[in-house]
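When you line the sequence shown up against our numbering, it's residues 145 to 349, in that order.
Note that the Cβ used here is the ideal one computed from N, Cα and C, for glycine as well.
Since the structure is predicted, the reported quantities are computational estimates derived from the model, not experimental observations.
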Amino acid sequence: MLTLHFAPNSRAVRTLWLLEELGLEYELNRMDFHPKDLKSDAHRARHPLGRIPVLEDGDVTIWESGAIAEYILERHKNGGLKPSPDASNYPKYLQWFHYCEGMVMPPINTIVVHTILLPPERRDETALGQAQRLLGRAVQPVEEDMVGKEYLAGDFTAADTMLGHSIMMANRMGIVNDAHPNLLGYIERLKARPALQKAFEFDTV
Ligand SMILES: N[C@@H](CCC(=O)N[C@@H](CS)C(=O)NCC(=O)O)C(=O)O
């Protein structure tokens with residue numbers, strides 16, 4: 145049985161969403177997004193930094209949302225929701241899948257730190273402004289690439305559970321806005337998916 149270690153308002157919803165899209169059975173260890181749970185000895189034994197998501201599968205424990213997605217696709221769905229390597233949309237799938245944690249999440253992390261996590265007196269307006277500009281530049285190629293497409297790789301794939309989630313976060317932060325009509329349409333399509341609605345029952349983006 146797969147067990148997802150999860151807390152609301154986090155990247156862990158990506159894994160939940162993917163599990164729902166694939167129709168896999170899983171157990172959810174729903175923790176609070178709070179050090180009492182995430183930095184507990186029990187959770188640090190699963191993830192040395194006390195972060196989420198973490199997936200357990202028998203004697204396997206794996207963390208990093210992208211690695212977890214690949215693990216699920218390879219071990220439990222035989223490549224479902226992932227184009228085969230010789231498919232024309234495979235390079236695009238790979239690119240957008242990894243663009244999420246590589247390019248879009250770093251400025252999002254900085255924005256969260258300087259708007260929510262740090263106490264007001266330690267927030268840095270310069271760092272915040274830089275991250276907002278960086279995020280604005282990072283979402284632009286996604287906006288341009290969405291022309292005439294429903295999803296990042298054409299068909300819905302696991303890349304959408306990764307980068308699609310980040311695009312929704314950037315929208316909540318006001319960085320994806322009316323200047324990004326293709327991304328706004330994309331977000332509406334994602335939100336209409338029953339699997340995402342199910343995942344959101346446990347979460348808010
Ligand atoms: N690159 C990692 C990031 C993991 C991560 O930082 N998760 C956040 C939640 S979105 C977390 O656990 N934060 C708790 C903390 O920093 O204490 C991934 O994609 O899984």
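Query, Result
"8 angstroms Cβ cutoff met for Tyr234 and Ser228", "yes"
"Check whether Leu182 and Ala151 have beta carbons under 8 angstroms apart", "yes"
"First and last residue of the uninterrupted alpha helix (DSSP H) at Ile260", "That residue, Ile260, is in no alpha helix (DSSP H); it is neither H nor E in DSSP."
"Entirely enclosed alpha helix (DSSP H) segments - the segment 159–202, minimum 4 residues", "179–182, 185–188"
"Nearest-angstrom Cβ-Cβ length linking Ala314 and Ile252, presumed shorter than 8 angstroms", "7 angstroms"
"Val283 and Ile255 closer than 8 angstroms at C-beta", "no"
"Burial state of Leu148, where buried means 16 or more other Cβ atoms lie within 10 Å", "buried"
"Own chain residues within Cβ distance below 6 angstroms of Asp281, not counting five before or after", "Checking the sequence shown, residue 281 turns out to be Arg, not Asp. Excluding positions up to five away in sequence, the list is empty."
"Those residues which DSSP pairs with Trp207 across a bridge", "Val198"
"Nearest to Gly162 (by Cα), restricted to the options Leu307, Phe344, Ala302, Ala275", "Checking the sequence, you will find Leu at residue 162 rather than Gly. The option with the nearest alpha carbon to Leu162 is Ala302."
"Three-state secondary structure (DSSP) of Asp289", "helix"
"Host alpha helix (DSSP H) of Phe344 (start-end)", "338–344"
"Distance CB(Ser154)-CB(Phe177) smaller than 8 angstroms", "yes"
"Closer than 7 angstroms: Glu345 CB and nearest ligand 1 heavy atom", "no"
"Cutoff 7 angstroms; reference Thr205; Cβ partners in own chain excluding five residues on either side", "Arg190, Val198"
"Residues near Lys221 in its chain [Cβ-Cβ closer than 8 angstroms; skip 5 each side]", "Leu166, Leu168"
"Simplified DSSP assignment, three categories, for Ala297", "strand"
"Alpha carbon of Ile174 to alpha carbon of Leu261, nearest angstrom", "Here residue 174 is Arg; the residue named in the question, Ile, does not match the sequence. Roughly 21 angstroms separates the two Cα atoms."
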